[in-house]
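Number of protein chains: 4
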Amino acid sequence: MTEFSWPVRVYYEDTDAGGVVYNANYLKFLERARTEMLRELGFEQDRLMDEAEILFAVRKITIEYLKPAYFNELLKVNVKIAEIRKASILLHQSILNQDDILICEAEVRIACMNKQSMKSIPIPGYILSELKA
Amino acid sequence: MTEFSWPVRVYYEDTDAGGVVYNANYLKFLERARTEMLRELGFEQDRLMDEAEILFAVRKITIEYLKPAYFNELLKVNVKIAEIRKASILLHQSILNQDDILICEAEVRIACMNKQSMKSIPIPGYILSELKA
Amino acid sequence: MTEFSWPVRVYYEDTDAGGVVYNANYLKFLERARTEMLRELGFEQDRLMDEAEILFAVRKITIEYLKPAYFNELLKVNVKIAEIRKASILLHQSILNQDDILICEAEVRIACMNKQSMKSIPIPGYILSELKA
Amino acid sequence: MTEFSWPVRVYYEDTDAGGVVYNANYLKFLERARTEMLRELGFEQDRLMDEAEILFAVRKITIEYLKPAYFNELLKVNVKIAEIRKASILLHQSILNQDDILICEAEVRIACMNKQSMKSIPIPGYILSELKA
Numbered sequence: 339m340t341e342f343s344w345p346v347r348v349y350y351e352d353t354d355a356g357g358v359v360y361n362a363n364y365l366k367f368l369e370r371a372r373t374e375m376l377r378e379l380g381f382e383q384d385r386l387m388d389e390a391e392i393l394f395a396v397r398k399i400t401i402e403y404l405k406p407a408y409f410n411e412l413l414k415v416n417v418k419i420a421e422i423r424k425a426s427i428l429l430h431q432s433i434l435n436q437d438d439i440l441i442c443e444a445e446v447r448i449a450c451m452n453k454q455s456m457k458s459i460p461i462p463g464y465i466l467s468e469l470k471a
Numbered sequence: 339m340t341e342f343s344w345p346v347r348v349y350y351e352d353t354d355a356g357g358v359v360y361n362a363n364y365l366k367f368l369e370r371a372r373t374e375m376l377r378e379l380g381f382e383q384d385r386l387m388d389e390a391e392i393l394f395a396v397r398k399i400t401i402e403y404l405k406p407a408y409f410n411e412l413l414k415v416n417v418k419i420a421e422i423r424k425a426s427i428l429l430h431q432s433i434l435n436q437d438d439i440l441i442c443e444a445e446v447r448i449a450c451m452n453k454q455s456m457k458s459i460p461i462p463g464y465i466l467s468e469l470k471a
Numbered sequence: 339m340t341e342f343s344w345p346v347r348v349y350y351e352d353t354d355a356g357g358v359v360y361n362a363n364y365l366k367f368l369e370r371a372r373t374e375m376l377r378e379l380g381f382e383q384d385r386l387m388d389e390a391e392i393l394f395a396v397r398k399i400t401i402e403y404l405k406p407a408y409f410n411e412l413l414k415v416n417v418k419i420a421e422i423r424k425a426s427i428l429l430h431q432s433i434l435n436q437d438d439i440l441i442c443e444a445e446v447r448i449a450c451m452n453k454q455s456m457k458s459i460p461i462p463g464y465i466l467s468e469l470k471a
Numbered sequence: 339m340t341e342f343s344w345p346v347r348v349y350y351e352d353t354d355a356g357g358v359v360y361n362a363n364y365l366k367f368l369e370r371a372r373t374e375m376l377r378e379l380g381f382e383q384d385r386l387m388d389e390a391e392i393l394f395a396v397r398k399i400t401i402e403y404l405k406p407a408y409f410n411e412l413l414k415v416n417v418k419i420a421e422i423r424k425a426s427i428l429l430h431q432s433i434l435n436q437d438d439i440l441i442c443e444a445e446v447r448i449a450c451m452n453k454q455s456m457k458s459i460p461i462p463g464y465i466l467s468e469l470k471a
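Residue numbers (this note's numbering), protein chains in the order written: chain A, 339 to 471; chain B, 339 to 471; chain C, 339 to 471; chain D, 339 to 471.
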């Protein structure tokens, strides 16, 4: 998988009194695209949690807000795997508006964790092989 | 307890592109006041959940939006117990802005539930007696 | 239009520590479906706001939470026009989970408003005729 | 002002099905503390917007999630001015839980902008002098 894209429509719920998408809500958009990328690869996170006690938690995010996004726009959220480690993944993410202008860039580190202990664990082999494919 | 009040400041996160508090976010304000009323009565909901496996879930809300609330306003959220049944409570709630103008009214039915089964259960006696006091 | 349906995926952002969709977030799902119904009828709300200074504001909601919705479920959100008045519309809305079980029912009154004055105004004829079609 | 602190209570609305505060919601907590710091310095952002057409927008955030925060905890959100430039400010922010354990660290760059043009502008002198005091 070179790059995965997911469309996100901006609703009233996403905007603020400045008339643009509220800063924290970009993180929701970024996560929706990561979730859909995992689904595309064959992994449903509810099953990973219930059957394998695995969850992916955000460890670090660096996000740059380049241009505002507005109510009713149809955005495109991209995900690209930048680095795969034993227990974590680094993703490059970007958001483009409907005029294909880059409005946001982010680097997101995701760690594989045991749901009970909330401790970092190695990413299982069957997930690693799909991520690397 | 006749009526309980809790102050809520409106931040950017609460507003939308219409320049006012977003409709769903009033429900968050209403719940904060209910949570703080329970705390005032001596009940911490994390302990109720962990020690007694009890949680209070919203069953029904009727909410009327009378006037808009704006960014940076300091609102007053009120809670009044209207009716106590065996397994549920009916609350009258209202929100006033900083000019003491009524901007929102709500009726909220809360049910006592077992956390594991997610089934309705009777409200324990020690909670009932505090609610009735 | 007899009934309009819109799919909504439940992401982490929508859930709470009870493991289910948080009560206020159902209101967001209901609004997404209303927005998409208006789009289907040919009305983009950003253009209505910019070109005609019209916005539709929620006046009253009655919502019943019948069953919980869970992380990762694909819900179906329905909208049905129940009554059309001069300056407001009454909608019946419902949410079904992926097993087609009814989990939520709502009645929503929406008022047509002037964006500047935030006062109620009659629904323009060209919108009325589409709503009635 | 060396460091400013603001208390934030974790409500249901802030948590997710993982049982902890949802990643995007930390950004809301960080902003509440920044808003209250500005208020402490004498600046109400609604007045800055209406009277001087100034708003502060987030340009870049780097956030590290060190430990989870749980429902019902009373967190402490800190803000420290790290650097003051002509048109932007760099802030160091941190969140501690009620056991005084550091759970989150962030660097936030805020730019001063004209509300109409949404273009970067120099921070007015009367704000700069308070920030530097």
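Idealized CB from N, CA, C, for every residue including glycine. Just so you know, these numbers come straight off a predicted model, no measurement behind them.
Cβ-based burial, D:E341 [other Cβ within 10 Å; buried from 16]: The residue labelled residue 341 of chain D in the question sits at position 3 within the fourth sequence. That one is exposed.
Rounded separation between A:R447 and A:L429 - CA only: Mapped onto the first sequence, residue 447 of chain A falls at position 109. Mapped onto the first sequence, residue 429 of chain A falls at position 91. Taking the Cα positions, A:R447 is about 6 Å away from A:L429.
Output, in chain order, the set of chain A residues within a Cβ distance shorter than 7 Å of D:M456. Counted from its first residue, the fourth sequence places residue 456 of chain D at position 118. Residues of chain A passing the Cβ test: P406.
Measuring only between beta-carbons, confirm whether A:V358 sits less than 9 Å from chain B. Numbered from its first residue, the first sequence carries residue 358 of chain A at position 20. By the rule that beta-carbons nearer than 9 Å mark a contact, A:V358 touches chain B.
Alpha carbon to alpha carbon, how far is B:D354 from D:Y464? Give it in angstroms, no decimals. As a position in the fourth sequence, residue 464 of chain D is number 126, starting the count at 1. As a position in the second sequence, residue 354 of chain B is number 16, starting the count at 1. The straight-line gap separating the alpha-carbon atoms of D:Y464 and B:D354 is approximately 29 Å.
Separation of B:L412 from C:A471, as counted between CA atoms: Taking the first residue of the third sequence as position 1, residue 471 of chain C is located at position 133. Taking the first residue of the second sequence as position 1, residue 412 of chain B is located at position 74. Each residue's alpha carbon lies about 44 Å from the other.
Below 8 Å on the Cβ atoms is my contact criterion, and I expect D:A362 with A:A362 to pass it. Report the Cβ-Cβ distance as a whole number of Å. Residue numbering aside, residue 362 of chain D sits at position 24 when the fourth sequence is read from its first letter. Residue numbering aside, residue 362 of chain A sits at position 24 when the first sequence is read from its first letter. That belief holds up - the Cβ atoms of D:A362 and A:A362 are roughly 5 Å apart, short of 8 Å.
Rounded to the nearest angstrom, what separates B:I401 and D:A425 at their Cα positions? The sequence position of residue 401 of chain B within the second sequence is 63, counting from 1. The sequence position of residue 425 of chain D within the fourth sequence is 87, counting from 1. Cα-Cα distance, rounded: 43 Å.
For B:N452, count neighbouring Cβ atoms within 10 angstroms of its own Cβ and tell me buried if that reaches 16, exposed if not. Locating residue 452 of chain B in the second sequence gives position 114, where the first residue counts as 1. So B:N452 ends up on the exposed side.
Measure from the C-beta of D:K409 to each C-beta in chain B and report whether the shortest distance is under 9 Å. In the fourth sequence, residue 409 of chain D corresponds to position 71, counting from 1. Note that residue 409 of chain D corresponds to Phe in the displayed sequence, not to Lys. Cβ-Cβ to chain B under 9 Å: yes for D:F409.
State the DSSP-derived secondary structure class of B:N363, mapped to helix, strand or coil. Here the question's residue 363 of chain B lines up with position 25 in the second sequence. B:N363: helix per DSSP, three-state reduction.
According to DSSP, is D:D373 part of a helix, a strand, or is it coil? Sequence index remark: in the fourth sequence, residue 373 of chain D carries index 35 (1-based). It is worth fixing the name first, because residue 373 of chain D is Thr in this sequence and not Asp. In the three-state DSSP reduction, D:T373 falls in the helix class (H, G or I).
Close beta carbons around A:Q454, own chain, < 7 Å, minus the five adjacent residues each side: Here residue 454 of chain A refers to the residue found at position 116 of the first sequence. Counting only Cβ-Cβ distances below 7 Å, and skipping sequence neighbours, we find E391.
Quick check on DSSP: helix, strand or coil for D:A425? Position 87 of the fourth sequence, counting from 1, holds the residue named residue 425 of chain D. In the three-state reduction of the DSSP assignment, D:A425 falls in the coil class.
Among B:K414, B:I419, B:L434, B:G356, the one whose alpha carbon lies nearest that of B:G379: Within the second sequence, residue 379 of chain B is the residue found at index 41, counting from 1. Position check: residue 379 of chain B holds Leu in this sequence, whereas Gly was assumed. Ranking B:K414, B:I419, B:L434, B:G356 by CA distance to the CA of B:L379 puts B:I419 first.
Output needed for C:A371: all residues of its chain with C-beta closer than 6 Å, excluding positions within five of it in sequence on either side, in chain order. Mapped onto the third sequence, residue 371 of chain C falls at position 33. Excluding positions up to five away in sequence, the list reads W344, V415, V417.
Taking only beta carbons into account, state which residues of the stretch 376–391 of chain C come closer than 7 Å to chain A, listed in chain order. Under the 7 Å Cβ criterion, the stretch 376–391 of chain C contributes E382, Q383, D384.
Going by DSSP in three states, A:I401 sits in which element: helix, strand or coil? Along the first sequence, read from residue 1 onward, the residue named residue 401 of chain A stands at position 63. If DSSP states are grouped into helix, strand and coil, A:I401 belongs with the strands.
Is B:L466 near the ligand FAD, going by C-beta to nearest heavy atom under 8 Å? Ligands in the displayed structure: none, and consequently the ligand FAD is not present.
Within 9 Å of any Cβ in chain C, is that where the Cβ of B:E468 sits? Reading the second sequence from its first residue, position 130 is the one you call residue 468 of chain B. Not a single CB atom of chain C sits nearer than 9 Å to the CB of B:E468.
Whether C:E443 touches C:S458 by CB criterion (9 Å): Locating residue 443 of chain C in the third sequence gives position 105, counting from the first residue. Locating residue 458 of chain C in the third sequence gives position 120, counting from the first residue. Against a cut-off of 9 Å, the Cβ pair of C:S458 and C:E443 comes out as no contact.
Closest residue to C:I422 among C:E468, C:D438, C:K405, C:L434 (Cα-Cα distance): In the third sequence, the residue the question calls residue 422 of chain C occupies position 84. Ranked by how close their Cα comes to the Cα of C:I422, the residues C:E468, C:D438, C:K405, C:L434 have C:E468 in first place.
Taking DSSP as the reference, what is the three-state secondary structure of A:I433? Along the first sequence, one-based indexing puts residue 433 of chain A at 95. DSSP places A:I433 in strand when its eight states are reduced to three.
Establish whether the CB of B:Y349 and some CB of chain D are separated by less than 9 Å. As a working mapping, residue 349 of chain B is identified with position 11 in the second sequence. Yes, contact with chain D.
Work out the CA separation of D:Y403 and A:L393 for me, nearest whole Å. The sequence position of residue 393 of chain A within the first sequence is 55, counting from 1. The sequence position of residue 403 of chain D within the fourth sequence is 65, counting from 1. Whole-angstrom Cα-Cα distance: 15 Å.
So which residues of chain A does D:T400 contact, with C-beta pairs closer than 7 Å? Within the fourth sequence, the letter at position 62 stands for residue 400 of chain D. Chain A residues near D:T400: T400.
Interface partners of A:K366 on chain C, CB under 8 Å: Here residue 366 of chain A corresponds to residue number 28 of the first sequence, with the count starting at 1. Y349, E351, listed in chain order.
If contacts are defined as beta-carbon pairs under 8 Å, then D:Y408 and D:V346 qualify, I think. What distance do you get, rounded to the angstrom? Stepping through the fourth sequence from its first residue, residue 408 of chain D is reached at position 70. Stepping through the fourth sequence from its first residue, residue 346 of chain D is reached at position 8. No, D:Y408 and D:V346 are not in contact; Cβ-Cβ is about 13 Å, not under 8 Å.
Return the CA-CA distance between A:E351 and C:K366, expressed in angstroms with no decimal places. Numbered from its first residue, the first sequence carries residue 351 of chain A at position 13. Numbered from its first residue, the third sequence carries residue 366 of chain C at position 28. Taken atom to atom, the span from the alpha-carbon of A:E351 to that of C:K366 is near 7 Å.
Strand pairing of C:R447, partner residues [DSSP]: By 1-based counting over the third sequence, the position of residue 447 of chain C is 109. In DSSP, C:R447 forms a bridge with C:K398, C:L428.
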